[in-house]
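Numbering (the numbering used here), first residue to last: 5 to 459.
Glycine is no exception: its CB is placed at the ideal position from the N, C-alpha and C atoms.
It should be emphasised that the depicted structure is a prediction, and the values quoted were computed from it without experimental measurement.
To start, the structure under review is shown below, and the notes come after it.
Below, the structure written as structure tokens:
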């Protein structure tokens with residue numbers, strides 16, 4: 005898969021899921037990776053707490069030496085491919101803050117609701133259309149809330165007020181989280197070189213955590229050492245602190261990605277300069293087709309309300325047809341003649357007569373069904389990891405009734421259990437109360453007889 009991606013998508017950055025790699029630490033390093041081990045904290049600082057490649061490599065080597073893991077082959081192989089999974093090697097590329105395959109798992113969950121190994125083609129189409137409408141409705145509701153619901157911002161927070169006008173609701177909340185950390189940092193001015201001012205942003209309670217920020221004093225273009233903007237697409241707290249002390253009340257335009265703006269999904273944009281021309285690759289043709297369809301749809305939406313605009317649109321389309329036919333040396337497109345439709349005696353079936361049937365179910369692809377026999381049962385489920393197999397232990401059973409869910413002390417069959425003792429005490433109490441009531445009744449009855457005798 006790695007070789008195929010490099011060949012078909014040469015400009016794509018291929019990464020490994022960090023969650024799956026961290027999950028392997030439990031199975032491969034059980035001698036040092038237990039509940040309250042110091043190795044877990046050191047590993048977290050090494051992977052997530054480093055912002056320079058040299059710092060990551062130094063911490064990794066010192067960690068291997070401290071815990072005597074230098075001869076571990078799995079860790080050696082993991083270190084050799086560190087560029088494909090360590091965050092410090094990928095912060096310079098835009099990934100919208102994703103380090104795991106959570107987005108892919110979300111797509112799988114989207115199809116799991118109505119697709120199984122025995123689903124038919126018609127069921128898939130109907131289920132997909134239904135879920136697609138649900139997603140579109142959810143996006144429309146989110147766009148409505150973004151446009152009509154105002155965000156709560158204080159009057160003196162000008163950068164936050166500008167973010168509320170520009171960003172969508174969810175992105176604004178992420179921006180607000182970074183803004184809330186601004187007052188936990190302080191800034192030291194280092195110097196000015198070729199129009200770029202250099203600052204060192206330090207945390208007030210931990211001065212070891214410091215980042216260098218460079219900012220152009222004219223255009224306000226800048227870069228932070230943490231590379232949060234390059235990786236996530238939002239301004240980091242260090243850059244926000246510098247903009248705050250510089251009294252900049254609006255977010256610079258080059259720090260606002262079009263994908264995070266309000267109404268960004270009305271017409272999705274494709275840069276025509278980034279398309280590869282005349283290289284013969286299928287993916288380039290697909291990109292050009294997608295770009296032309298989107299531009300044509302956008303122009304059609306603008307021309308549809310007016311009859312005059314519609315006429316101009318159609319005249320332009322016809323002129324384009326003629327130019328493209330001359331360039332491609334194609335014969336003119338034959339338009340269907342309505343007068344010949346009735347005289348045509350073609351034997352081809354009409355659209356209403358074509359019946360779309362389900363494809364034949366292949367016996368060699370996909371997940372096979374479970375085969376149940378008298379003696380054995382063959383299941384085709386996924387293979388479980390060692391961690392999952394260790395958790396699936398036999399449950400404890402009661403030594404008196406041999407049932408699951410309780411032990412001998414709480415067994416209902418044990419007369420000395422707490423529950424049976426409480427029931428017995430309750431019954432004894434009710435019995436004593438009944439005897440007292442009977443005695444009271446007998447005494448009152450005797451009193452009545454004595455009264456009658458006196459009369």
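The DSSP-derived three-state label of residue 150 is helix. Its chain contains no residue whose beta carbon lies nearer than 6 Å to that of residue 10 once the 5 sequence neighbours on both sides are disregarded. Residue pairing by DSSP places residue 220 opposite 200 in a beta bridge. Taking every protein chain shown into account, the CB of residue 121 has fewer than 16 other CB atoms within 10 angstroms, so this residue is exposed. Considering only 108, 92, 243, 119, the residue with the shortest C-alpha distance to residue 55 is 92. For the region 55 to 84, the continuous alpha helix (DSSP H) assignments of 4+ residues that do not extend past its boundaries occur at 57 to 70, 77 to 84, in sequence order. Contact check for residue 186 and residue 248: beta-carbon distance about 6 Å, within the 8 Å limit, so the pair qualifies. In the displayed model, residue 401 falls within a strand according to three-state DSSP. Between residue 294 and residue 302, the alpha-carbon positions lie close to 12 Å from each other. The beta carbons of residue 22 and residue 89 sit about 6 Å from each other, so the pair counts as a contact at 8 Å. Contact annotation: the region 195 to 209 does not touch the region 58 to 73, with fewer than three C-beta pairs closer than 8 Å. Selection 60, 106, 229, 222 evaluated against residue 214 yields 229 as nearest (Cα-Cα).
Nearest in C-alpha terms to residue 85, of all of 118, 20, 39, is 20.
Taking a cut-off of 8 Å for Cβ pairs, the region 134 to 144 and the region 229 to 242 do not touch, as fewer than three such pairs fall below it. In the displayed model, residue 244 falls within a helix according to three-state DSSP.
Selection 224, 242, 328, 50 evaluated against residue 255 yields 224 as nearest (Cα-Cα). Around the C-beta of residue 219, 16 or more other C-beta atoms lie within 10 Å, and the residue is accordingly described as buried.
A direct Cα-Cα distance of roughly 51 Å separates residue 179 from residue 329. Residue pairing by DSSP places residue 329 opposite no residue, since no beta bridge is assigned to it. Put simply, of 244, 166, 168, 164 the residue whose alpha carbon is nearest the alpha carbon of residue 188 is 244. Your pair residue 241 and residue 182 checks out as a contact, with CB atoms roughly 5 Å apart and the cut at 8 Å. Rounded to the nearest angstrom, the gap between the Cα atoms of residue 402 and residue 109 is 41 Å. The secondary-structure analysis by DSSP pairs residue 171 across a beta bridge with 265. For residue 226, the enclosing beta strand (DSSP E) stretches over residues 226 to 228. Between the alpha carbons of residue 417 and residue 405 lies a distance of about 7 Å.
Residue 427 is classed as exposed because its beta carbon has fewer than 16 other beta carbons within 10 Å across all chains shown. In summary, residue 167 is buried, with 16 or more beta-carbon neighbours lying within 10 Å of its beta-carbon over all protein chains present. The criterion of a C-beta distance shorter than 7 Å is not satisfied by residue 266 and residue 105. Contact between residue 235 and residue 101 is confirmed by a C-beta separation of about 6 Å, below the 8 Å threshold. Counting only residues of its own chain and dropping the five nearest sequence neighbours on each side, residue 96 has a CB closer than 8 Å to the CB of 231, 234, 235.
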